[in-house]
């Protein structure tokens with residue numbers, strides 16, 4: 001007989017709280033890919049993302065007693081740890097001096113700076129402000145905070161179908177805004 005997902009999660013949490021090392025391996029096997037996806041959106045360096053993933057699982061292991069199933073799912077709790085660990089890692093790397101490395105190569109471009117370039121140079125954050133507030137919220141949660149559509153549904157207490165509809169509508173609106181910007185840029189380049 002298969003266990004229900006909630007029962008399986010509950011037994012996993014109990015095993016982790018009991019200090020069962022096989023449970024952390026099971027947790028890693030089940031969730032590492034999803035957490036790495038969240039981390040790699042924030043920390044664009046593969047090496048730093050892998051380090052952040054490892055730090056995330058250490059924090060999960062050390063802080064499992066603070067997990068409260070009444071406040072959300074295990075994955076939601078772990079996602080927040082992964083997100084915060086990634087941000088902390090970027091801040092820590094910001095404080096380190098950049099420049100030449102021992103092998104003579106230039107220092108790394110800060111991952112947070114690269115990420116902000118990727119989003120801000122094309123003005124995505126600014127364009128989001130032109131969307132309806134309910135669209136902004138869904139897009140921000142999905143694409144900038146790493147939520148799944150189901151988690152957005154749960155967090156906002158709206159049906160999953162509504163999340164999907166808002167996402168589709170928001171992306172269509174953004175597509176139209178991008179098209180308008182491209183046309184304007186082409187016109188400006190022809191005029192100059």
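Numbering (my numbering), first residue to last: 1 to 192. Glycine included, each C-beta is placed from N, C-alpha and C at the ideal position.
Where the alpha helix (DSSP H) containing residue i begins and where it ends
| i | result |
| --- | --- |
| residue 54 | 46 to 63 |
| residue 133 | 133 to 139 |
| residue 165 | 160 to 191 |
| residue 151 | 149 to 156 |
Residue i (DSSP reduced to helix, strand or coil)
| i | result |
| --- | --- |
| residue 103 | Only weak support exists for where residue 103 lies, its pLDDT of 38 falling under 50; the value from the coordinates is given anyway. In this structure, residue 103 counts as coil in the three-state DSSP scheme. |
| residue 19 | coil |
| residue 13 | helix |
| residue 130 | coil |
| residue 68 | coil |
| residue 37 | helix |
| residue 145 | coil |
| residue 73 | coil |
| residue 120 | The pLDDT assigned to residue 120 is 44, lower than 50, so where the model puts this residue is not dependable; a value taken from the coordinates is nonetheless given after this. DSSP places residue 120 in helix when its eight states are reduced to three. |
| residue 109 | Annotation note: pLDDT 40 at residue 109 (below 50); position unreliable, coordinate value reported separately. Of the three classes helix, strand and coil, the one that applies to residue 109 here is coil, per DSSP. |
Cβ-Cβ distance between residue i and residue j below 8 angstroms
| i | j | result |
| --- | --- | --- |
| residue 169 | residue 147 | no |
| residue 51 | residue 78 | no |
| residue 193 | residue 23 | Here the chain covers residues 1 to 192 and nothing more, so residue 193 does not appear. |
| residue 167 | residue 149 | yes |
| residue 64 | residue 81 | no |
| residue 156 | residue 139 | no |
| residue 76 | residue 151 | yes |
| residue 173 | residue 131 | yes |
| residue 86 | residue 43 | yes |
Is it a yes or a no for the stretch 8 to 20 touching the stretch 40 to 51, going by three-plus beta-carbon pairs under 8 angstroms?
-> no
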